[in-house]
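Reviewing the structure listed below.
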Amino acid sequence: MSEAHGSIIKTPKQLIITVFATFFVPLIIILLLLVYVNNGKRTDAAASAEQLIKPVAQLNYQDASPPAASK
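The opening residue of the sequence shown carries number 116 in the working numbering; numbering runs sequentially from there.
Below, the structure written as structure tokens:
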């Protein structure tokens with residue numbers, strides 16, 4: 116009989132290794148990504164927030180009444 120359609124996992128040891136690898140490899144990748152993101156450039160939070168809000172917080176107002184006509 117041909118083993119062309121056989122399973123890749125042939126022993127219980129291979130099954131155990133595969134189960135642990137499918138759980139721990141993604142977990143390790145996620146943890147490494149978290150470390151990479153958290154080690155990025157950090158800035159002062161107060162200054163950064165102030166810099167982001169400044170353009171929105173500017174208030175330019177003018178008198179709504181028409182200019183006084185000269186007599």
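Idealized CB from N, CA, C, for every residue including glycine.
Counting only the Cα atoms, ILE124 lies some 10 Å from ILE131. Per DSSP, reduced to three states, the secondary structure at GLN166 is helical. For LEU148, the enclosing alpha helix (DSSP H) starts and ends at 127-153.
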